[in-house]
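**Student:** Just add 612 to the spot in the sequence shown (first one is 1) and you have my numbering.
Yeah, the Cβ is synthetic: ideal placement off N, Cα and C, and Gly gets one too.
This structure is a prediction, so every number in the text was calculated from the model and none was measured.
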Amino acid sequence: MRFPFLTVTSGWKTFYGFLQRGLLSADQRLWSSALKCSRSSSQLSKEKCFYITTPIFYVNAAPHLGHLYSAVIADCLHRWKLLQGFESRFATGTDEHGLKIQQAAEAAGKDPLTFCTEVSQRFETLFSSCSVSFTDYIRTTEQRHRLAVEHFWSVLWNKGLIYKGIYEGWYSTQDESFLVPSQVGDALDPSGKEVKVSLESGHKVEWMKEENYMFRLSSFRSLLLDWLVKNPGAVQPERFHQAVLQWLQEDLPDLSVSRQRSRLQWGIPVPGDPEQTIYVWLDALVNYLTVVGYPDKHERWWHVAHHVIGKDILKFHAIYWPAFLLGAGLPLPQVIHVHSHWTVGGRKMSKSLGNVVDPFEHSQMFTNDGMRYFLLRQGVPDTDCNYTHDKVQKLLNAELADSLGGLLNRITAPTLNPAQVYPAFCSHSFPRDRRGRAVEEDYHMVETVRSLSTVVEKHYEGMQVYKALEAISACVKQTNGFVQRHTPWKLDRSDSKDGRWLDTIIHLTLECLRVYGTLLQPVVPEISDRLLTRLGVQSQERSWKDLNFLGRYFGTDCSFEGRPLGSNCGLLFSRLETQSGAKQKTMKSKKPAQKR
613 MRFPFLTVTS GWKTFYGFLQ RGLLSADQRL WSSALKCSRS SSQLSKEKCF
663 YITTPIFYVN AAPHLGHLYS AVIADCLHRW KLLQGFESRF ATGTDEHGLK
713 IQQAAEAAGK DPLTFCTEVS QRFETLFSSC SVSFTDYIRT TEQRHRLAVE
763 HFWSVLWNKG LIYKGIYEGW YSTQDESFLV PSQVGDALDP SGKEVKVSLE
813 SGHKVEWMKE ENYMFRLSSF RSLLLDWLVK NPGAVQPERF HQAVLQWLQE
863 DLPDLSVSRQ RSRLQWGIPV PGDPEQTIYV WLDALVNYLT VVGYPDKHER
913 WWHVAHHVIG KDILKFHAIY WPAFLLGAGL PLPQVIHVHS HWTVGGRKMS
963 KSLGNVVDPF EHSQMFTNDG MRYFLLRQGV PDTDCNYTHD KVQKLLNAEL
1013 ADSLGGLLNR ITAPTLNPAQ VYPAFCSHSF PRDRRGRAVE EDYHMVETVR
1063 SLSTVVEKHY EGMQVYKALE AISACVKQTN GFVQRHTPWK LDRSDSKDGR
1113 WLDTIIHLTL ECLRVYGTLL QPVVPEISDR LLTRLGVQSQ ERSWKDLNFL
1163 GRYFGTDCSF EGRPLGSNCG LLFSRLETQS GAKQKTMKSK KPAQKR
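(1) Taking Gly678 as part of the alpha helix (DSSP H), name the residues at either end of that continuous run.
(2) DSSP on Pro1100, reduced to helix/strand/coil?
(3) Evaluate contact between the stretch 912 to 929 and the stretch 802 to 809, counting only Cβ atoms and requiring at least three cross-stretch pairs below 8 Å.
(4) Should Arg1044 and Glu1052 be called a contact, given that it needs their Cβ atoms to be closer than 9 Å?
(5) On the CB-based measure, 16 or more other CB atoms within 10 Å of its CB, does Leu635 come out buried or exposed?
(6) Look at the alpha carbon of Ala717 and the alpha carbon of Ala703, and state the distance between them as a whole number of angstroms.
(7) Quick one: give me the first and last residue of the alpha helix (DSSP H) that Tyr1034 is part of.
(8) Alpha carbon to alpha carbon, how far is Val684 from Met983? Give it in angstroms, no decimals.
(9) Threshold first: 3 residues or longer. Then list the beta strand (DSSP E) segments lying entirely within the stretch 698 to 764, N to C.
(10) Relative to the alpha-carbon of Phe852, which residue among Gln888, Ile925, Val1058 and Ser789 has its alpha-carbon at the smallest distance?
(11) Does the Cβ of Phe1172 have 16 or more other Cβ atoms within 10 Å, making it buried, or fewer, making it exposed?
(12) Need the endpoints of the alpha helix (DSSP H) that Gly1129 sits in, please.
(13) Shortest alpha-carbon distance to Met977 belongs to which of Lys722, Leu1188 and Ser962?
(14) CB Trp954 to CB Asp1002, shorter than 9 Å?
(15) Spatial neighbours of His1071 within its chain, please: C-beta separation below 6 Å, excluding the five flanking residues on both sides.
(16) Touching or not, the stretch 760 to 773 and the stretch 707 to 727, by the rule of three or more beta carbon pairs under 8 Å?
(17) If we ignore side chains and look at the alpha-carbon of each, how far apart do Trp765 and Pro883 end up?
(18) Helix, strand or coil for Leu636, going by three-state DSSP, please let me know.
(19) Just checking my contact of Leu837 with Ala846 at CB under 8 Å: how many whole Å lie between their CB atoms?
(20) Taking one C-beta from the stretch 815 to 827 and one from the stretch 782 to 795 each time, how about it: are there three or more such pairs within less than 8 Å?
(21) Considering only residues of the same chain and omitting the five flanking positions on each side of Ala1036, which have a CB-CB separation below 6 Å?
(22) In terms of residues, what are the limits of the alpha helix (DSSP H) holding Lys1070?
(23) Which residue marks the beginning of the beta strand (DSSP E) containing Thr889, and which one marks its end?
(24) Using the Cα positions of Phe1166 and Cys1124, report the straight-line distance between them to the nearest angstrom.
(25) In whole angstroms, what is the alpha-carbon distance linking Gln946 and Tyr932?
(26) What did DSSP end up calling Tyr906 once you bin it into helix, strand or coil?
(27) Out of Gln1076, His1119 and Ser830, state which residue places its alpha-carbon closest to the alpha-carbon of Glu862.
(28) Smallest Cα separation from His709: which of Leu725, Arg701, Leu694 and Gln696?
(29) Measuring CB to CB, does Ala673 end up less than 9 Å from Val731?
(30) Kindly give me the distance between the Cβ atoms of Leu1016 and Phe986, rounded to whole angstroms, as I take these residues to be in contact under 8 Å.
(31) Can you tell me which residues form a DSSP beta bridge with His949?
(32) Given a cut-off of 9 Å, decide if Tyr749 and Gly678 are closer than it, judged by their beta-carbon atoms.
(33) So which of Ser975, Trp913, Tyr1055 and Asp1107 has the shortest CA-CA distance to Tyr663?
(34) Identify the continuous beta strand (DSSP E) that holds Leu800 and give its terminal residues.
(35) Can you have a look at Val741 and say buried or exposed, based on whether 16 or more other CB atoms are within 10 angstroms of its CB?
(36) Reducing DSSP to helix, strand and coil, say where Leu656 ends up.
This is how it looks when you write it as structure tokens:
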């Protein structure tokens, strides 16, 4: 089933023209349902709903840093939408079918379901401990998922998009992926034997020939191209959008979507054919629909779907998945957010190299919020990022302990604010006409902080969280400079002018901190909670609409003025000790006492 008339230049309008004139065949009419869904979803988009997903993580091994990174990104976007007043759903979970799982369970001497349950619980525990606030945790071994997959398969089958044929070609068990010859190269295994490997992942591949069910992927190339050209933000960042477009310049072969049951027992059987097992990627991708109630109750959430994925699974999500959805007559995801990988010492994490970062261990070492902050502050979506112990420690000490934590401790100290209240702002001390005690840098800081929410909104929306945190960090430094410049601890509170200026300095600094604490909630929820609680900001006063920075200066009321501060709960973030410092302490503790 090919559509030579549906080129990138003709697009959907041409399709509608053929549909209206009755020039489409019965098979071609399957597209109308997808297009109707796309149009109806635009009407539903007026609702403030948001649906974000991580990939479901393969349980053939324990969680690593990359898994936590995906989850933290999605959690940040979920919390960001809640902050804006959206109703948001956030799904994560585990992918538990496939040959790798079958082999890993056998190697561990366990039945597959027991093996999957144990590893899945480790993922769930990690995410919960790092404040990943998922609303849905899906496992592909659940009955609700099996029913969704069977229905999805039946829809594609009934539309003639799945047929039985012979697949002959390369297959990577590690990647659970079929490859064309151009994706395969030569390499040597550890014993020096020549083997064929995937050029993308480096994993060994094997030649296979078997009778499987095939999906007519070749029929979808033009429509996928059209979708990407007409929706330049569908895959972000731009680098990955261009990569998908490049892949689509070549013909798409039809895709094998099953394996013989004799080879793969651990999976969902093909409906009506118990001798075949549904291909793990088709099975896994449907999880995004399962969570929102497919096939009966998914419409409200599916039209606002956003996926967060690693770059290694881009092809599955930006080519196979959209083609499956179009075939099933369902809307495509609004955005596929892609991120790059973490390396250690500039090298890919690998068990053989012994450089895999254990996220459990490091989140305990640097705290849960500390790990979240580092990953989102240093993680650049379109570039691989390097992870080192010293880099984490230096960043967290500089930005969370010293800059943000130091500012809070300094401005709420009883010696500076003995009444422990949110003091009044004096417009005579800090007038709009710039004739008071404030200097030009102070006015620049006020305008920068006032516009900070707009900057942060732009970067959160584009999954450029590191840029949002960079902007917040720059403002925190400006506010520290403001306090240092005016040395409020040197002012004489008994003098009326000094007293009003001192209160104004404290008020303005507290207002800045309130903005920072509010904007940081999606990134470091525990630290933000402690900060806002210390300022006396109630839980119902922490949303986007409550920002209203420095209302008294800009001619509105400030509901916090005169309010008691919250209790002092100690340091906002304790400085982390360097490895060399820890060693020195250990050596001192072991040093024998000197004789007198």
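**Tutor:** Working from what's here:
(1) Leu677 to Leu695
(2) helix
(3) Result no; under three Cβ-Cβ pairs closer than 8 Å.
(4) no
(5) With a pLDDT of 35 at Leu635, under the threshold of 50, the modelled position of this residue cannot be trusted; read the value that follows with caution. Leu635 should be labelled exposed.
(6) 26 Å
(7) First-last for Tyr1034: undefined, no H or E at that position.
(8) 9 Å
(9) 699 to 707 and 748 to 751
(10) The alpha carbon of Phe852 has as its nearest neighbour, out of Gln888, Ile925, Val1058 and Ser789, the alpha carbon of Ile925.
(11) buried
(12) Per DSSP, Gly1129 belongs to the alpha helix (DSSP H) from Ser1108 to Leu1131.
(13) Leu1188
(14) Taking the C-beta atoms as reference points, Asp1002 is found no nearer than 9 Å to Trp954.
(15) Lys1079 and Ala1080
(16) Taking 8 Å as the limit for Cβ pairs, the verdict is that the stretch 707 to 727 does not touch the stretch 760 to 773.
(17) 8 Å
(18) Per-residue confidence for Leu636 stands at a pLDDT of 40, beneath the threshold of 50, marking its modelled position as unreliable; the derived number appears in the next sentence. Coil.
(19) With a Cβ gap of about 12 Å, Leu837 and Ala846 do not count as contacting.
(20) Using a Cβ-Cβ distance cut-off of 8 Å, the stretch 815 to 827 and the stretch 782 to 795 are in contact, since at least three pairs of beta carbons, one from each stretch, lie closer than that value.
(21) Excluding sequence neighbours, Ala1036 sits near Asp1115 and Glu1173.
(22) Where Lys1070 is concerned, the enclosing alpha helix (DSSP H) stretches over Glu1052 to Glu1073.
(23) Judged by DSSP secondary structure, Thr889 falls within the beta strand (DSSP E) whose first and last residues are Asp885 to Ile890.
(24) Approximately 14 Å between the Cα atoms of the pair.
(25) Whole-angstrom Cα-Cα distance: 16 Å.
(26) coil
(27) Ser830
(28) Sorting Leu725, Arg701, Leu694 and Gln696 by C-alpha distance to the C-alpha of His709 places Leu725 at the top.
(29) yes
(30) Between Phe986 and Leu1016 the Cβ distance is about 14 Å, and since that is not below 8 Å, they are no contact.
(31) According to DSSP, which records beta bridges pairwise, His949 is partnered with Gln848 and Val920.
(32) no
(33) Trp913
(34) According to the DSSP assignment, Leu800 belongs to the beta strand (DSSP E) that extends over Val796 to Leu800.
(35) This sequence places Ser at residue 741; Val is not what is there. Result: exposed.
(36) Because the pLDDT at Leu656 is just 49, under 50, the model does not fix this residue reliably, and the value given afterwards should be weighed accordingly. Correct three-state label for Leu656: helix.
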